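Take a look at the structure set out below.
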Amino acid sequence: MLTSADPDSILIQGPRIVDPGRGMDAIGDILITGGKIVSAGPRLSPADLPEGCRPIPANGMVAAPGFIDLHCHLREPGYEYKETIATGTRAAARGGFTSICCMPNTDPPLDNEAAVALVQQRARAEGVVRVFPIGCVTKGRRGKELAELEELAAAGVVAYSDDGDPVYDPNLMRLALTYTLDLGLPISNHCQEHRLCPGGVMAEGWAATRLGLPGIPAAAEEAMIARDLALAELTGGWLHLAHLSTAGAVALVRQARERGVSVTTEVCPHHLSLTDDWALGYQGTPDGGSGPLNYDTSTKVYPPLRGRQDVDALIEGLADGVIDCIATDHAPHEAASKQVTYQEAAFGISVFETALGSLMALVHRGQISLSTLVDRLTVGPARVLGPSFEELATLHPGSPADVVLFDPDLDWVVDTGEFASKGRNTPLEGVALKGRVVTTFVEGKVVHQDSLY
Ligand code: NCD
């Protein structure tokens, strides 16, 4: 029992506590003191509370460990007109993310200690959530020679990736995977065999044909995934596959897992909810072409949105655990880079602030349980990041109080005018979603409070 007055104490009263790491899904109370979880379990009586404890009523809401994102683009340094660490971390907080890993395709790229230190220092000064940089696999992301992987590990990177581009050279990939055995950090590869899709801007299929655009076949992703799985098997190294998007990719990973290959995987909210026909500009409605646009460049993303069969296979893989986690690939862009033809537009979707709302559709449709969804946003990514992240993925007493409170049933309409992100590039503008983040805490401090509450 705590009796001393503590102005930093918060009591979150009566939410449904979903804490998959402890197998917990029950109504209860969460007591936070000094930035740490004191208890997250059965309802507490007034006698159990410290004096001055601030109550936060949360009936009807879900409380979960803050979400962890393995894959986002904060654009700093170099592309501050697209996003900054200040705006990107606020967007993350609005999405319920309390720990985010940022990709190194900045300018300069994060391929050395000084560049990583710059991001860490700006994140401490201007960020509102925890930021963990990912270092490059190759110098300058040029794919010619390995970056100083050990120096990057010492600087504190949590993984390596040339994201935006694959590691093209199979021999360099083999070497990098071999190094992971000593480094203990994964290589996250953006798998796409570009020679199979020269100029490709969306999924190969009827929508691409109708728009007269060059397509990207599923085989472009699957060919490189097959290569990487073979290399992971050969080396025993730690492969992480970024943003899976095809049914064939899920099948390849499933088989590799059965053979005991050391591979982890992620999938993005948009690949679980949108199909390639959204590129036609009518937001996936079946009447075709009657919407306000003839095409929608905000649907242009790597890897491309695919067909219904792919979406269904990804959901199945997420539900049964072949896919370890959900990662946003939040890729903000300035308006001008999307207000052009489909072929000229930049690849990428601004995802942080719509992620939960679009993922909750899977729960509302009964395709995955709420507990599984939370697992894939917390325990799953923490497993990829290693044991030191375990405490960020649970509400276990003593853990840092990184908590998200969300209303699973709130209906709202996406208005990019409300975004904290500079990137308004989402095909979900004006779309109705059900499920919205209400409050986000990092170490017991409120870093986002929704205006609707
Ligand atoms: C990413 C970006 O904008 O940095 N874009 C995207 O479509 N996912 C990089 C990338 O993964 O290609």
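Start counting the sequence shown at -16; every next residue gets the next number (the working numbering).
All residues carry an ideal CB built from backbone N, CA and C; glycine is no exception.
Since the model is a prediction, treat every value here as computed from it, not as a measurement.
Limits of the alpha helix (DSSP H) - the one that W189 falls within: 189 to 194
Bridge partners - V21, DSSP secondary structure assignment: None, per the DSSP bridge assignment.
Beta-ladder partner(s) of T121, from DSSP: L129
DSSP three-state assignment for L(-15), whether helix, strand or coil: With a pLDDT of only 40 at L(-15), under the threshold of 50, the placement of this residue in the model should not be trusted; the figure read from the coordinates follows. DSSP places L(-15) in coil when its eight states are reduced to three.
For the ligand NCD, residues whose Cβ lies under 6 Å from any non-hydrogen atom: H56, N88, D146, G147, H173, V284, Y285, D312, A314, F330, G331
Cβ shell of A212 (< 8 Å), same chain only, five flanking positions each side left out: First, the residue type needs correcting, since residue 212 is Leu and not Ala in the sequence shown. Only L222, L235, V236, A239, V244, V246 meet the Cβ criterion.
Short Cβ contact (8 Å threshold) for I306 with E249: yes
Segment contact, 8 Å Cβ cut-off, at least three pairs: the segment 59 to 74 with the segment 390 to 399: no
8 Å contact criterion, which P48 and D385 should meet: CB distance rounded: 6 Å
Chain-order list of residues whose beta-carbon lies under 7 Å from that of T161 (same chain, five-residue window excluded): T218, G220
P252 - containing alpha helix (DSSP H), residue span: 252 to 256
Closer than 7 Å: I199 CB and nearest the ligand GDP heavy atom: You won't find the ligand GDP in this model; what it holds is the ligand NCD.
Extent of the continuous beta strand (DSSP E) to which T422 belongs: 415 to 425
Which listed residue (V421, Y151, D312) has its alpha carbon closest to that of D52: D312
Segments of 4+ residues assigned as alpha helix (DSSP H) that fall wholly inside the segment 1 to 86: 68 to 77
Neighbour-count burial assignment, E327, 16 or more Cβ in a 10 Å radius: exposed
Coarse secondary structure for L388, derived from DSSP in three states: strand
Same chain, Cβ closer than 8 Å to H226, five either side skipped, listed in chain order: H54, H173, E249, V250, C251, H254, Y285, P286, A310, D312
C-alpha gap between G272 and N88, whole angstroms: Note on G272: pLDDT 49, under 50, position unreliable in the model; the coordinate value appears next. In a straight line, the C-alpha of G272 is about 35 Å away from that of N88.
Touching by the beta-carbon criterion (3+ pairs, under 8 Å), the segment 136 to 144 and the segment 68 to 82: no
Helix, strand or coil at P344 [DSSP, three-state]: Position check: residue 344 holds Ala in this sequence, whereas Pro was assumed. The answer is helix: DSSP assigns A344 an H, G or I state.
C-beta contact flag for I15 and I(-7) at 8 Å: yes
According to DSSP, residues forming a beta bridge with H177: H177 pairs with nothing; no bridge assigned.
DSSP three-state assignment for N172, whether helix, strand or coil: strand
Assigned exposure category for T229 - 16 Cβ within 10 Å defines buried: buried
Strand pairing of L222, partner residues [DSSP]: I170, V246
Cutoff 7 Å; reference G188; Cβ partners in own chain excluding five residues on either side: G198, D259, G290
Per-residue burial, P38 [other beta carbons within 10 Å of its own, 16 or more giving buried]: exposed
Simplified DSSP state of G369, which is helix, strand or coil: coil
Top-ranked residue by Cα proximity to G147, from G126, A30, L339: G126
Through-space distance from L196 to L378, alpha-carbon basis: 48 Å
Bounding residues of the beta strand (DSSP E) (the contiguous stretch that carries R289): Where R289 is concerned, there is no enclosing beta strand (DSSP E), given that its DSSP letter is neither H nor E.
DSSP bridge partner residues for H313 (one or two, in chain order): C55, I332
Classification of P480 by the beta-carbon crowding that lies within 10 angstroms, buried from 16 upward: The structure shown does not extend to residue 480, since the chain is modelled only from -16 through 436, so no value can be given for it.
Helix, strand or coil at Q432 [DSSP, three-state]: strand
Cβ-Cβ separation, T337 to L435 (assumed contact under 8 Å), whole Å: 15 Å between Cβ atoms; not a contact.
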